[in-house]
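2 protein chains.
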Amino acid sequence: MKRLTNQKITILDFLRGTKIHPTAEEVYLNVQKNLPRISQATVYRILDEFVKENLIKSIPGKKTRFDGNDIVHQHFICKKCGKLTDIYDGALDKYLNKKKNLVADGTVDDFEITFYGRCKKCS
Amino acid sequence: MKRLTNQKITILDFLRGTKIHPTAEEVYLNVQKNLPRISQATVYRILDEFVKENLIKSIPGKKTRFDGNDIVHQHFICKKCGKLTDIYDGALDKYLNKKKNLVADGTVDDFEITFYGRCKKCS
DNA sequence: CTGCATGCAAATAGTTTGCAGTAGC
DNA sequence: GCTACTGCAAACTATTTGCATGCAG
Chain R
1 MKRLTNQKIT ILDFLRGTKI HPTAEEVYLN VQKNLPRISQ ATVYRILDEF VKENLIKSIP
61 GKKTRFDGND IVHQHFICKK CGKLTDIYDG ALDKYLNKKK NLVADGTVDD FEITFYGRCK
121 KCS
Chain Y
1 MKRLTNQKIT ILDFLRGTKI HPTAEEVYLN VQKNLPRISQ ATVYRILDEF VKENLIKSIP
61 GKKTRFDGND IVHQHFICKK CGKLTDIYDG ALDKYLNKKK NLVADGTVDD FEITFYGRCK
121 KCS
């Protein structure tokens with residue numbers, strides 16, 4: 001990060017404090033409460049920067065979602081209602097961390113697993 | 001599939017026979033060789049249908065990619081050059097298939113893991 | 001023949017970019 | 001003070017949609 005601006009602080013604070021995996025627009029709407037003059041372009045630029053610096057993760061999809069939870073975890077998406085839930089499973093993380101060094105023709109430094117199905121409400 | 005049209009046959013044939021994980025546009029350009037009057041809208045509509053019917057998989061990203069390889073496999077994406085490679089690892093698939101029933105608060109019927117890193121060329 | 005599927009063009013939506021002004025360091 | 005960062009509006013691009021016509025069943 002070259003310069004630490006108010007916009008960056010506010011966005012990172014928001015992402016660290018939420019579990020909703022917000023879209024760029026949701027970040028914009030929330031951050032706007034504290035910085036009424038912020039623009040969507042700035043939000044996009046800052047989110048891109050954070051992803052490149054590995055401060056947050058981006059979850060691709062129709063609308064990209066952003067995850068500021070810095071504890072290792074995986075995702076579960078309900079196919080019916082689209083809800084995204086965090087999964088914490090130490091054994092899974094450990095297993096995949098071992099695997100990642102064997103699996104590809106190159107160097108793996110990261111992985112991402114998403115489970116798809118139906119949440120309790122939609123079952 | 002309600003009706004089996006020439007467009008659907010041609011698109012599925014192409015997807016079953018390629019390993020390039022084409023975007024909707026690449027599907028369009030290739031299929032056009034055989035069906036010069038096909039439109040992009042049709043390609044998008046048919047791809048969506050195939051994904052819903054689980055005939056193919058969609059790989060989200062800036063441009064969605066489509067994977068018609070019906071053998072179970074996972075993905076490796078090079079962060080540098082963006083290349084997408086298939087990973088075949090029976091043990092990994094087996095492990096995840098067991099895990100998927102324990103991991104989420106709901107019913108999991110599918111999962112998708114992507115490894116990120118640098119391919120041999122970019123290392 | 002019936003109505004789902006297609007082609008075309010226009011519309012939409014998410015994201016990116018150019019530029020002039022602003023503010024970290 | 002230098003120059004990266006921001007806000008604004010316009011541009012861009014992937015994808016979707018409305019509608020008239022075509023073709024599978």
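Here the protein sequences come in this chain order: R and Y.
Heads up: the first sequence begins at 1 in this note's numbering, then just goes up one per residue.
Heads up: the second sequence begins at 1 in this note's numbering, then just goes up one per residue.
Even glycine gets a Cβ: it sits at the ideal position worked out from N, Cα and C.
Within the same chain, and ignoring the five residues on either side of Gln-32/R in sequence, the residues whose Cβ sits closer than 7 Å to its Cβ are Ile-38.
Along the region 41-108 of chain R, the beta strand (DSSP E) occurs as fully enclosed runs of 3 or more residues at 57-59, 65-67, 74-78 and 84-87, listed in sequence order. Beyond the five residues adjoining it in sequence on each side, Phe-14/Y comes within less than 7 Å, by CB distance, of Val-27, Asn-30 and Val-31 in the same chain, given in chain order.
At a cut-off of 8 Å between C-beta atoms, Asp-48/Y does not count as an interface residue with respect to chain R. Pairing Asp-93/R with Val-72/R, the inter-Cα distance amounts to about 8 Å. As for any beta strand (DSSP E) of minimum length 3 sitting wholly inside the region 1-25 of chain Y, there is none.
Looking at the DSSP output, Cys-122/R bridges to nothing. A straight-line Cα-Cα distance of about 23 Å links Lys-57/R and Cys-119/R. In this structure, the alpha-carbon of Thr-10/R lies about 15 Å from that of Asn-69/R.
Between the alpha carbons of Tyr-116/Y and Leu-35/R lies a distance of about 35 Å. Listed in chain order, the non-local C-beta contacts of Leu-96/Y below 8 Å within the same chain comprise Phe-111 and Ile-113, local neighbours out to five positions each way being set aside. Taking a Cβ-Cβ threshold of 9 Å, the residues of chain Y close to Val-108/R are Phe-76, Phe-115, Tyr-116, Gly-117 and Arg-118, in chain order. When the five nearest sequence neighbours on each side are left out, the beta carbons in the same chain lying within less than 6 Å of the beta carbon of Arg-16/Y are those of Gly-68, in order along the chain. Taking C-beta atoms under 8 Å as the contact rule, Pro-60/R and Pro-60/Y qualify, at a distance of about 4 Å. Setting aside the 5 residues that flank it on each side, Val-108/Y is surrounded in the same chain by Lys-100 and Asn-101, each with a C-beta closer than 8 Å to its C-beta; the list follows chain order.
Rounded to whole angstroms, the Cβ separation of Val-103/Y and Asp-105/R is 28 Å, and the two are not in contact under 8 Å.
Apart from the 5 residues on each side of it in sequence, Cys-81/Y sits with its Cβ closer than 6 Å to the Cβ of Cys-122 in its chain, given in chain order.
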